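Residue numbers (the UniProt record's numbering), protein chains in the order written: chain W, 1 to 210; chain D, 1 to 210.
Here's the structure we're looking at; comments come further down.
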DNA sequence: TAATAATTGACCACCCTGGTCGACTGCGTT
DNA sequence: AACGCAGTCGACCAGGGTGGTCAATTATTA
């Protein structure tokens with residue numbers, strides 16, 4: 001990215017970032033079209049290559065930016081004092097929703113980055129390393145400081161936590177599928193949080209001591 | 001599809017079907033390349049359009065074929081006499097694996113069919129209807145004849161079943177991600193079935209009466 | 001041997017791509 | 001007013017990939 005992009009008004013900056021992320025996330029690096037990006041972002045074709053010299057440079061910038069956001073707005077916010085695993089997952093889900101509202105394509109974009117393959121122009125190793133450590137440390141954090149005494153006696157807590165995690169991500173997946181076809185009012189969202197908490201209650205009933 | 005395709009030797013037929021499914025599943029209808037298909041299937045370009053007049057006809061045929069297979073080799077095999085929900089899920093997972101071995105791209109292909117969008121050439125309504133009823137009846141079958149008395153007293157069985165389903169599909173997802181980087185020996189597969197059954201034991205411990 | 005069916009891949013018109021560049025605008029400085 | 005210059009645009013380019021065709025060739029059948 002060139003210095004000029006820094007000086008652009010923030011709203012236009014954000015528009016470009018979000019649109020570019022969306023296209024990379026949906027179509028992958030190769031099939032994402034810069035033409036469609038500029039059209040959707042409402043800027044001239046020339047500007048994209050004025051801000052970023054090449055498509056590749058734009059992509060690198062987005063990965064970097066995405067990691068920054070995830071680090072600051074997601075991973076740093078995990079509440080390590082919450083020993084109740086299910087409650088911690090609840091808080092993390094809320095945090096995820098918060099990030100999602102501000103950057104709807106961030107998560108899926110970062111997931112697709114792993115699929116990037118271009119033997120002649122690989123991602124900078126430094127960036128790959130940063131990505132890996134962020135994920136690894138994030139995972140560690142998820143399970144750090146959990147009070148396993150919540151779980152039933154004789155229960156394999158490791159397996160239990162995995163099963164719970166999968167249940168929650170399954171819920172989120174089916175939820176987002178449903179929500180694609182609806183308009184999101186705050187009311188509706190609260191309604192779904194209640195529904196979600198209902199499922200968490202069943203989880204506690206299942207895995208925790210009575 | 002034209003009559004000629006019926007008379008082709010079965011192995012070549014299957015090769016073409018599998019390769020075409022693979023490409024449609026991985027790239028979607030529009031971006032799937034007939035050029036790559038014929039190259040990978042080892043046939044001349046002309047043949048594909050001799051068997052199927054157009055790319056669209058090929059696609060329709062594959063959807064039809066895929067639904068046939070799913071109906072006969074998957075949905076018809078569900079053991080409705082198994083009242084234990086978790087055990088039924090176990091059997092279904094085994095059946096799924098069986099189908100996967102014979103048609104590795106069937107499931108993902110059929111999932112992507114839902115994303116097909118081409119306003120000028122929509123899928124035949126009859127086919128869409130068949131797809132929908134198959135899914136709906138399949139879902140119904142999953143939960144049909146389940147003995148809810150297995151579950152803990154006072155537990156919301158509906159929610160519990162969903163949570164269990166999500167856990168299992170989560171397990172399968174992470175498993176297939178791992179398996180992508182390995183060679184599949186029968187030994188290894190048995191090993192994973194044991195591991196899987198370990199998780200099912202925890203599920204029973206969690207949701208069922210003692 | 002003649003007729004028919006199966007098979008090939010070079011070829012076509014079309015579309016979209018990432019990237020360039022000359023023209024234009026608006027603002028600050030001299 | 002004249003100049004310079006950063007910002008902005010979109011027509012344009014060569015290159016590559018697309019679904020589909022078809023004349024030519026080989027294999028099969030009668």
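Backbone N, C-alpha and C define an ideal beta-carbon position, used for all residues, glycine too.
Treat the numbers as computed from the prediction; the structure is a model and nothing was measured.
Query: Following the continuous alpha helix (DSSP H) through residue 43 (chain W), name the residue where it begins and the one where it ends.; Result: Careful: residue 43 (chain W) lies outside any alpha helix (DSSP H) and carries neither H nor E.
Query: What are the complete alpha helix (DSSP H) segments, minimum 4 residues, inside the segment 91-166 of chain W?; Result: 106-113 and 125-143
Query: When you compare only the Cα positions, how much space is there between residue 93 (chain W) and residue 170 (chain W)?; Result: 12 Å
Query: Under 9 Å between the Cβ atoms of residue 209 (chain D) and residue 152 (chain D)?; Result: yes
Query: So residue 4 (chain D) packs on residue 51 (chain D), CB below 8 Å; how close in whole Å?; Result: 6 Å
Query: What's the C-alpha gap between residue 172 (chain D) and residue 49 (chain W)?; Result: 43 Å
Query: Evaluate residue 76 (chain D) with the Cβ neighbour count: other Cβ atoms within 10 Å of its Cβ, from every protein chain shown; 16 or more gives buried, anything less gives exposed.; Result: exposed
Query: Considering only DSSP beta bridges, list what residue 208 (chain W) is partnered with.; Result: W:151
Query: Three or more C-beta pairs closer than 8 Å, one from the segment 54-65 of chain D and one from the segment 115-135 of chain D: is that the case here?; Result: yes
Query: For chain W, check one thing: does any of its Cβ atoms lie closer than 9 Å to the Cβ of residue 206 (chain D)?; Result: yes
Query: If you follow the alpha helix (DSSP H) that residue 57 (chain D) is part of, which residue opens it and which one closes it?; Result: 55-69
Query: Residues of chain W with a CB under 8 Å from the CB of residue 159 (chain D): which are they?; Result: 198, 199 and 202
Query: Comparing alpha-carbon positions, which option in W:23, W:18 and W:74 lies nearest residue 137 (chain W)?; Result: W:74
Query: Our contact map puts residue 40 (chain D) next to residue 69 (chain D) with C-beta atoms below 8 Å; I'd like the distance itself, whole angstroms only.; Result: That belief does not hold up - the Cβ atoms of residue 40 (chain D) and residue 69 (chain D) are roughly 21 Å apart, past 8 Å.
Query: Using 9 Å as the threshold, is the C-beta distance between residue 202 (chain W) and residue 155 (chain D) below it?; Result: yes
Query: Give the straight-line distance between the Cα atoms of residue 108 (chain W) and residue 43 (chain D), rounded to the nearest whole angstrom.; Result: 37 Å
Query: Check distances from the C-beta atoms of the segment 71-93 of chain D to those of chain W and list, in chain order, the residues that come in under 8 Å.; Result: none
Query: Could you compute how far the alpha carbon of residue 197 (chain D) sits from the alpha carbon of residue 83 (chain D)?; Result: 18 Å
Query: With a CB to CB cut of under 6 Å and the five nearest residues on each side skipped, what residues in its chain are close to residue 89 (chain D)?; Result: 168
Query: Going by DSSP in three states, residue 32 (chain W) sits in which element: helix, strand or coil?; Result: coil
Query: Closer than 9 Å, Cβ to Cβ, to anything on chain D: give me those residues from the segment 146-157 of chain W, in chain order.; Result: 152, 154, 155 and 156
Query: Going along the chain, which residues of its own chain have a beta-carbon closer than 8 Å to the beta-carbon of residue 211 (chain D), five neighbours each way excluded?; Result: Residue 211 (chain D) lies beyond the stretch modelled for chain D, which goes from 1 to 210, so this question has no answer here.
Query: What number of angstroms, rounded off, separates the C-alpha of residue 21 (chain W) from the C-alpha of residue 59 (chain D)?; Result: 30 Å
Query: Check this for me: beta carbons of residue 192 (chain D) and residue 179 (chain D), under 9 Å apart or not?; Result: yes
Query: Does the beta-carbon distance from residue 7 (chain D) to residue 81 (chain D) come in below 9 Å?; Result: no
Query: Taking C-alpha atoms, which residue in W:24, W:2, W:110 and W:96 lies nearest to residue 176 (chain W)?; Result: W:96
Query: Counting only Cβ pairs nearer than 7 Å, list the residues of chain D close to residue 171 (chain W).; Result: 166
Query: Whose Cβ in chain D lies nearer than 9 Å to the Cβ of residue 31 (chain W)?; Result: 27 and 31
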